Each structure stands twice: as structure tokens, then as C-alpha cells.
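To convert a position in the sequence shown, counted from 1, into this note's numbering, add 21.
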Amino acid sequence: MGGCARGAPRRRGHARRLRSAARRRARPLARGVVEGEVRPRTLTARDLRDCAHPARLGSDRSLPARRPRTPRRGSRHRARAPASSRDHRLKNRRVAADLLHVELNAVLSRAVQLGASDIHLKIGQPPIVRRDGELGVLPEHPPLTDLDLEAALAAVADLAPAKLHAFHETGELDIAYTANDLPRFRVNGFRQRGSISFAFRVIPKEVPSFEELRLPKGVGRLAEEHRGLVLVTGATGSGKTTTLAAVIDHINRTRRQHIVTIEDPIEILHADRGCIVNQREVGLDTDSFLAAVRRVLRQDPDVVLIGELRDSETAETALKAAESGHLVLSTMHTIDAAETVNRLIEFFPAIKQEQIRAILAGVLRGVVSQRLLPRVEGGRVAAVEVMVNNSRVADLIREQKVEEIPDAIAEGEFFDMQTFTDALIALVLAGEIDREVAANAATNRHDFLVALEQALKRTAAGIAHDRPQSEAAQDEPPGPDDDGQMPALRVAGAP
22 MGGCARGAPR
32 RRGHARRLRS
42 AARRRARPLA
52 RGVVEGEVRP
62 RTLTARDLRD
72 CAHPARLGSD
82 RSLPARRPRT
92 PRRGSRHRAR
102 APASSRDHRL
112 KNRRVAADLL
122 HVELNAVLSR
132 AVQLGASDIH
142 LKIGQPPIVR
152 RDGELGVLPE
162 HPPLTDLDLE
172 AALAAVADLA
182 PAKLHAFHET
192 GELDIAYTAN
202 DLPRFRVNGF
212 RQRGSISFAF
222 RVIPKEVPSF
232 EELRLPKGVG
242 RLAEEHRGLV
252 LVTGATGSGK
262 TTTLAAVIDH
272 INRTRRQHIV
282 TIEDPIEILH
292 ADRGCIVNQR
302 EVGLDTDSFL
312 AAVRRVLRQD
322 PDVVLIGELR
332 DSETAETALK
342 AAESGHLVLS
352 TMHTIDAAET
362 VNRLIEFFPA
372 IKQEQIRAIL
382 AGVLRGVVSQ
392 RLLPRVEGGR
402 VAAVEVMVNN
412 SRVADLIREQ
422 KVEEIPDAIA
432 EGEFFDMQTF
442 TDALIALVLA
452 GEIDREVAAN
462 AATNRHDFLV
472 ALEQALKRTA
482 AGIAHDRPQS
492 EAAQDEPPGP
502 DDDGQMPALR
512 VAGAP
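See below:
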């Protein structure tokens, strides 16, 4: 008992000495924080233990330096390399990019000379080009390596570090690329099996006219609209962007207005002619289609081009812009006018669809749907369906009878409408495309073949095919009959 009594004060005295030592060691630290000599940080449990045990502090009696954290595998907080190492790495990247920059431009130049519309770059394969719809290997070119594709990425994203950073985060890249003596390219980069692949789409330097694109008269009619919604639809690679560019160019040359385009990325560049043209790129000039569309009405536009209607919010904002008296142009990935109307309505929940039908029936001006087909003599030609909104089409939209829209188009010659069947028959009769190619492209193969046989019989008998009109007839406006009535408005039973 006596030993325990004598030991207790000894232990208490030892504890007091430890606390006093800790306070003495804390005073210089506090003074350093006040005077800016020491960077403050949160003390850890180990720091407190070291303060309480002088032997752990070392001879300088200061808090131990905090050990650097070792980043976990996959952690975003990786230790930074020394500056010299980083500079060396960046220099190597620039050298590699410069080396392939020349090679990349040579590949693209060769592909353009061959008349390619698309160029694909993939590890382990030589460059692959699409010409007249068919894929083929670029002659005399070795397979691409991972370093080639990394350098190509550095080259195409050289002026867009934000998009390069986004690619490393998401594995997706949409950007435009150009260089001296080369046309403009729309570039999509993506990761597959851990490596990088690219798809380059060639964009023409000059905007083709309606005549050069051989578009039907109805497209020019829609380009004359000053308000409402005009949609150009079709599968990827069907020429939607080129058709819209021709519409924008027509407006730019014939009006004095303000055009705002919202694209991802910007493909065809439009110089100011009669109009002011402001082109905004998603990811560079604005965060998203939705953000840009929401603000575009504050920019005093007359014409708004939205690269694509992708969701209900963008579609609803576009409809509101069209309702407020602006001309809105956009695209959708649908195959014909009827599917386009259905898809646009189905963006919205069932509770809003009736309201959207009413709005769409009022603001929709027309739908241009197109498919690119290989020509017999090489190259490709567009088969185009044109729907122009009239009172009958508007009623079909309101009354949920969209399936009857093809019949309304077939009977809408007076309004410059044209069905796919009419377009395909005209191309077959002109010898532009093969009969089997046309049948495969038709919406309904059987109906097309029946209509084609009837057209061939009329041609053999010397009877002009009523639909579609010849190019000469399309250049002339429909005139009145002898009785003064327009053909499509003839009174039933009149001779």
C-alpha cells in the first residue's frame, strides 16, 4: 500500500511535466502561425502523441513534418510529378503531335482526293474511307498505332483544351477540325477497347445551292418561310446538315436578318452577306443545346438553327420560339414526315401531348426527309420527301391521325409536296439509280414496285408521269385552268 501511495504522486508529477512540455512546444507553433512562418494544418492523433513524448520529437523539438499521402489506385488526387519531368513529358507530346500532324493532314488530303465522305481511324488498321457509301482501305498506308491516335487527338483538339479535358473524363469528343489546303471536318472521337478511334466527316468548303443538290421545289418553298418550325430529317449521313446549310445560305443571300445557329460542332461556316450570322458551338461557346436555346430569344434573332432536337426540353423551347414569331430550323433522326411528327410528340409525357399537338399543328411549316442513294454512274443522289403543313395536315396532327399524313402528301402536289415513292420513281425513270436500290430504299417495297410498274407502263404508252413534276415544270408556278380554277381546287363534278 505504501509503495502504491508513494507511486501515485510520482505518476501525477510525471503527467504534469508532460503537459508542461507539450505547452512549451505548442507556443512556438502558435507564434509561427500568427507571424506567417508556419502553414496551419489540423493536428493528427500522432502529432498529439509526439507532443506528449519528447523522445519522438527529435532534437529540434518541432512538430514532425506530415508524411506525403500515397495516392490510392484510381484516385483522382495523384501526386504531381517534378516540374522538369512534366516539362519533358509535355515536350515529347508536342513533338509526337507535330510528327503526326503532318501525317494526319496527308491522310485526310488523300481521302478527299479520292472523293471520300468519311474517314475512320482505328488502332491496328490503316485509315478506312467511305466513298459512295462503301468502305475501303486507304491504299499503301500502314496500320495505325496507339501513339498515332494519341497524337491525332492532340492535333484535332489543339485549340480546344476544354474538349480535350472532357474527352479524358467521358471518352467522347465532338469537334471540328481544319488545316491549310484542307476542307473542314466534323470529328467524333471515342474510346473502344481502351484505345482511341476517330470518325471524320468531310464538310464542303462551299455551300451548294438547291439546284446543285437537286432538291425538289418544296424545299425552296419552305426556305421562304419567315416564322414557324421547319425540320430536316433522315438517318446519319443522309445530308441533313448540307440541306440546312443551303437553306441558311439562301436566307443569308436574300434577306436582311439576324441568324443564330447552335451546333455541336459547327460544321459549315457562314460569312455575313445580307444577314448577320452568329454561330455558337456546344462545349465551346455554350454548355448545351438547352442552355443556348433558352437564351437565344434574348439575342434578337430572326432565324434560329438548332443542330438537333434531342429531348423534350429542347423541343419545347424550340416550339415556343416558333410560336413567338421566329423561324426555327432543326434536324431529327427520323425516316419520314409521319414518324417525325410522332417522335416529336412522344418526347413529352402523355399529360402534355394534347397541348403539344395543338402547338405543333399551328407552328409546323414542313418536314423534309431524305435518303442518300448510290447513283448508277458513281456518286450519290438524294431521294427527298417533302411535307408542307396545310389545313388537312394540321387537322391530322390535332386529331391523332398521323398515319394518314402519307396520303395527304401524295395528294398535295399543289403545295409542292412529294412522297418518297414519287422521288424514287423519278430517279429510276431518269436512269439515276438502279431499280433494286430504289426498292430497298422505299418505305414500303411492295407499294413502290406496284407504282413503278404503273409508271413504266405509262411511259411506254407515251403518257407523261403525273408525279413528280419534271424539272422544267417545277420551275414554273402552277397556273389556272381555262375555267380560272387552280387544278387542286377544282369543284367536284366540274368537267
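Ideal placement from N, C-alpha and C gives every residue a C-beta, glycine not left out.
Quick caveat: nothing in here was measured; it's all calculated off a predicted structure.
DSSP places Q300 inside the beta strand (DSSP E), whose first and last residues are 297-302.
When secondary structure is reduced to three states using DSSP, A175 falls in the helix class.
Under the DSSP assignment, D428 falls in the alpha helix (DSSP H) whose first and last residues are 426-431.
The alpha-carbon separation between V397 and P322 amounts to approximately 43 Å. Here the alpha carbon of T199 sits roughly 16 Å from the alpha carbon of L185.
Assignment of beta-bridge partners to E406 by DSSP yields S390. In this structure, the CA atom of E190 is about 20 Å from the CA atom of F310. Using a C-beta cut-off of 8 Å, the region 405-415 makes contact with the region 428-445, since at least three inter-stretch Cβ pairs fall below that distance. Under the three-state reduction of DSSP, A459 is assigned to helix. DSSP places N363 in the helix class (H, G or I) of the three-state scheme. Judged by DSSP secondary structure, E193 falls within the beta strand (DSSP E) whose first and last residues are 193-198.
Per DSSP, V397 is not a residue of any alpha helix (DSSP H), being assigned neither H nor E.
Assignment of beta strand (DSSP E) within the region 271-324, counting only whole runs of 3 or more residues, yields 279-284, 297-302 in chain order. Per DSSP, I144 lies in no beta strand (DSSP E) segment and is marked neither H nor E.
Annotated three-state conformation of L129 is helix, per DSSP. Fewer than three Cβ pairs drawn from the region 279-286 and the region 407-425 lie within less than 8 Å of each other, which leaves the two stretches out of contact.
Taken through DSSP and simplified to helix, strand or coil, A444 comes out as helix.
I272 places its beta carbon less than 8 Å from that of V324. By alpha-carbon distance to G399, the top candidate from D455, L168, G241, R205 is D455. When D437, E360, V389, R316 are compared, the shortest CA-CA separation from E424 is found for E360.
A220 is bridged by DSSP to H141, N209. The continuous stretches of alpha helix (DSSP H) do not include E245, and DSSP gives it neither H nor E.
Residue nearest to E245 within the set V228, G258, E227, D270 is D270 (criterion: CA-CA distance).
If you ignore the 5 residues before and after I297, its C-beta comes within less than 6 Å of the C-beta of H279, all in its own chain and listed in chain order.
Taking the CA atoms as reference points, P229 sits about 6 Å from A267. For E155, the pairing in a beta bridge is given by DSSP as R152. In this structure, V223 places its C-beta atom within 8 Å of the C-beta atom of V133. Scanning Q146, H162, P237, E193 for the CA closest to the CA of L448 turns up P237. CA-CA distance, G249 to G387, rounds to 9 Å. Around R152, the same chain offers L135, G136, A137, S138 as residues with beta carbons nearer than 8 Å, after the five sequence neighbours per side are excluded.
Going by beta carbons, F211 and L129 fall outside the 8 Å limit. DSSP, read as helix, strand or coil, puts L168 in helix. With respect to the 8 Å criterion, A178 and L194 are classified as neighbours on the basis of their beta carbons. The beta carbon of R301 sits closer than 6 Å to those of I283, T307, A313, all from its chain and outside the five residues before and after it, given in chain order.
Taking C-beta atoms as the reference points, E334 and A197 fail to come closer than 8 Å. Taking all protein chains in view, the Cβ of Q320 is surrounded by fewer than 16 other Cβ atoms within 10 Å, so the residue is classified as exposed.
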